[in-house]
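Reading through the structure tokens given below for one structure.
Residue numbers (the numbering used here): -15 to 408.
If you want it as structure tokens, here you go:
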């Protein structure tokens, strides 16, 4: 069996499973945020109206909540959502509630690994489509809808159809100008945004083995953009070292069998890979940066769960150091702890001296809610993960997706730019 099959088999209490099997699996962790949470709470209210007794949930210690999409509160509705969420966590004794303005908080898909909320071998579900991100920790991680999350909160389990696994082996010597964002955009461009519908995207190969934990998380994050049920990377010493810095919790990692069967296997040779960009209006609409060289842009955005981890900020700062941006440039670290580390390393100073605005952790601009939305006709180059019409603001705006170094280089010139053309 593959690692995904073995994790789900263990969670279902079965010796083995095969793609297409339907199992009820025990869940280890569940997450809600300030957008999905109120939807789940509404389901609870509807159940109560039908006479269900909901005085307690399955296991409050295995549930965690974050405020991230509309924080700081963008309007009265988003402020009330936070109140609704707070009342729910108090009612059911959920202690792991990351409140903005009270120390550590941030984007849910960053806190999941930054705070070691999810561990190798676990089944983790969340009320957000990019829950796939945390599969880089060697866990089965998948997003669920409001009703399914509500069911998990009450029962601690949920059904899954065992997905087929697509294997992506990334091989070769990685050039300095290539980041994980280039790799995953290249893959999505090749298989399409529906190329992995309800399948597992697993990553391996000598390049993946050498990637930092945070770069691996970029790969699994954007499996969502290919339609995948989950993305996953087998845990190794890089995983364990990352966790040792954050937790002393015990866990039982899982590895796939040597003879595991994959529905398809792809080999990506990286040595000649070019900095890659997804043009409007699809993550699969890719082009190399130099083919778009000179495209004028209005804004550069370095943020989101995909593009504002500490490694992302370090890479962008290396490009921006000693230079000035020519367009509106926003940098929003993905978690408060990352913000603090970036300050200690002098990264925030580099961004501000370059002329960028450095803001609080939030999903606001990525989901087109606040803190930097686009107006009609505006063009943005962004480290985020989606560029559908209206994703970052006005339906007639345009977003180009790229790695942090491509975004930083483009901010300096005011045009889409290959980072090799502006390096110090």
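Beta carbons: idealized from backbone N, C-alpha and C, even for Gly.
Every value quoted in this text rests on a predicted model; they were computed, and no experiment measured them.
In the DSSP assignment, residue 81 falls within the beta strand (DSSP E) that extends over 80 to 82.
Assigned with DSSP and collapsed to three states, residue 377 falls in strand. C-alpha of residue 156 to C-alpha of residue 244: approximately 23 Å in a straight line. In this structure, the beta-carbon distance from residue 216 to residue 208 does not fall below 8 Å. In this structure the segment 81 to 95 lies against the segment 311 to 319, because at least three pairs of beta carbons, one per stretch, are closer than 8 Å. Going by DSSP, residue 202 is part of the alpha helix (DSSP H) stretching over 197 to 205. Following the DSSP letters along the chain, one finds residue 289 inside the alpha helix (DSSP H) bounded by residues 288 to 291. Fewer than three beta-carbon pairs drawn from the segment 159 to 168 and the segment 62 to 72 are found closer than 8 Å, and the two stretches are therefore not classed as touching.
At least 8 Å separates the beta-carbon of residue 120 from that of residue 227. Taking 8 Å as the cut-off, the beta carbon of residue 42 is found closer than this to the beta carbon of residue 137. In the DSSP assignment, residue 28 falls within the alpha helix (DSSP H) that extends over 20 to 33. Assigned with DSSP and collapsed to three states, residue 385 falls in strand.
Under the three-state reduction of DSSP output, residue 230 falls in the coil class, being neither helix nor strand. In this structure, residue 56 places its C-beta atom within 8 Å of the C-beta atom of residue 84. The Cβ-Cβ distance between residue 274 and residue 160 does not fall below 8 Å.
Excluding five sequence positions before and after residue 198, the CB atoms of its chain that fall closer than 6 Å to its own CB belong to 293, 295, given in chain order. Straight across, the Cα-Cα distance linking residue 270 with residue 129 is about 29 Å. Residue 44 and residue 79 have their C-alpha atoms roughly 7 Å apart. Taking the C-beta atoms as reference points, residue 14 is found no nearer than 8 Å to residue -4. For residue 113, the closest C-alpha among the options 102, 125, 103, 105 is that of 125. The closest CA to that of residue 277, considering only -8, 285, 399, -11, is found on 399. For secondary structure counted as the alpha helix (DSSP H) over 4 or more consecutive residues, the segment 143 to 200 holds these complete runs in sequence order: 164 to 175, 190 to 194. Residue 334 sits in a helix when the DSSP states are folded into three classes. Assigned with DSSP and collapsed to three states, residue 110 falls in strand.
Annotated three-state conformation of residue 351 is coil, per DSSP. Straight-line measurement puts the Cα of residue 22 at about 7 Å from the Cα of residue 68.
Excluding the 5 residues flanking it on each side, residue -1 has no same chain C-beta neighbour closer than 6 Å. Per DSSP, residue 68 is one residue of the alpha helix (DSSP H) stretching across 60 to 76.
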